[in-house]
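Below you'll find the structure, written out as structure tokens, and then a few comments.
Numbering (UniProt numbering), first residue to last: 1 to 529.
Okay, here's the thing in structure tokens:
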């Protein structure tokens, strides 16, 4: 029996590109042989202080290909969570000569990713990273000096107290979004996307984005689409057989190089073009306040560092906030009783004569619980961004080879019944109920943004945007299930589409202003005078 509010099984958002299937069989066979030879040499030449220890448990691999045939292209987090019932919270897989470690519990992720720096790098991405230049992006860059420079550059702008300076941008964006819900409630999903993009572009570049037709925004969205296609497991054979990188683009089977060259130009344009505009504005003394203008005026960092670290913010933050808010609307549609309780808190604390502000956040604990439950119930990064070990390691008597790809199963952590009772249920009260009972339930915000040195540097900015939006929407609108022309209730689609990012499938809902007073709050906003 499917519980009310539970999420349905997954379906893939799109199919993998056809390019990989054009590789010639003899070329693949040659590369496989070379990989086997190299793997054999590596095992013979590599001295290991943990060589006597076994690898962590996992499903039995086949000769040569390992567990390649068992790893699903989509919804792998569900498969890994099921495997944990047999093999435990730490699972080892092998794909050809590469090792994969899946962490299905918060404790394992904390022990390794949080506490050990050797888990802070990223695995090699040949297509997206090397050929498409995403290896310069903060999200995918390897752990090292350039990564540290990126984080040092961002710190003054994204630390907890610094993000308060962006509240006027977020407040204006929320006001525009509320007006869009009033004018076109059926377009709520598209306007959520525009809202998130508007906030990031204003924060990072100082641009006022009025529509998705903005040329810089369109280029960034195109770049994100390309990288999402590139990182689909098995989409390009060069990621499975890295030696293919050496074949020329004109050679049979070299079509991936032509694709990569095109996508690289899109990526580099999306980073460079808006940066050059702001740089010229700073020279002319007409730039709007932004992260890039602040970095340029400080003179502390080179242009190449500034443009890539700031370009990374859009890639990291756009889908994160957008998809979290779409899940929020889905959860509110399924649970009108939660909407009512939230509105009671809002009416009691701030009344009905003004909109919520960030200063109200400490006084709105139930809204805070809703935001955290949304992030736990359907984390937008179900397997996060993969980590990679830079050295060999040992954990609980098992050997973890250097260069192992490490996956933190966010979905499994959020659904862990040992931590979250009745975990499939959307239940914002769970944190307060546990606290009242003297139990220490894990706060989702401690893990959903990642752990360790690679935790999201923009998490405080993102939480501010999410809280202000959720509180403002609930203060002014009733959200419930839609009805058809005959008055029949339309059950919303609860399917989650998962690729690099988890997305709620399109669904219908009813969004209506709570009262005439709520309409006046929106239309009388200073931003619409």
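Beta carbons are placed, not taken as given, at the ideal position from N, Cα and C, and that holds for glycine.
Values in this document were obtained by computation on a predicted structure and should not be read as measured data.
Partner residues in the beta bridge of residue 405, as assigned by DSSP, are 100, 388. The three-state secondary structure of residue 496, taken from DSSP, is strand.
Residue 232 sits in coil when the DSSP states are folded into three classes, being neither helix nor strand.
With a threshold of 16 other beta carbon atoms within 10 Å, residue 77 meets it and is buried. According to the DSSP assignment, residue 443 belongs to no beta strand (DSSP E), since it is labelled neither H nor E. Residue pairing by DSSP places residue 393 opposite 400 in a beta bridge.
Distances from the CA of residue 462 to each of 341, 316, 383 were compared; the closest alpha carbon is that of 316. The criterion of a C-beta distance shorter than 7 angstroms is not satisfied by residue 467 and residue 375.
The continuous beta strand (DSSP E) containing residue 513 extends over residues 510-513. Rounded to the nearest whole angstrom, the CA to CA distance from residue 453 to residue 62 is 35 angstroms. Where residue 182 is concerned, the enclosing alpha helix (DSSP H) starts and stops at 167-183. Checking the DSSP bridge columns, you'll see residue 155 has no partner listed. If you ignore the 5 residues before and after residue 127, its C-beta comes within less than 7 angstroms of the C-beta of 230, 236, 238, 239, 256, 260, all in its own chain and listed in chain order. Note that the region 505-515 touches the region 477-487; at least 3 beta-carbon pairs, one per stretch, sit closer than 8 angstroms.
One Cα belongs to residue 343, the other to residue 350, and the distance between them is close to 10 angstroms. At the C-beta level, residue 404 and residue 386 stay beyond 7 angstroms of one another. DSSP places residue 304 in the uninterrupted alpha helix (DSSP H) bounded by 303-334. Under a 10 Å Cβ-count criterion, residue 210 is classified as exposed, with fewer than 16 other Cβ atoms of the shown protein chains found around its own Cβ. By the Cβ criterion, the region 242-252 is not in contact with the region 268-288, since fewer than three pairs of Cβ atoms, one from each stretch, lie closer than 8 angstroms.
Pairing residue 402 with residue 395, the inter-Cα distance amounts to about 13 angstroms.
Just so you know, the alpha carbons of residue 90 and residue 143 end up roughly 23 angstroms apart. Annotated three-state conformation of residue 484 is coil, per DSSP. Taking 7 angstroms as the cut-off, the Cβ atoms of residue 413 and residue 106 count as close. Residue environment: residue 322 is assigned as buried (16 or more neighbouring CB atoms within 10 Å of its CB, all protein chains considered). Inter-segment contact for the region 281-289 and the region 433-443 is absent: fewer than three beta-carbon pairs are separated by less than 8 angstroms. DSSP places residue 518 inside the alpha helix (DSSP H), whose first and last residues are 516-523.
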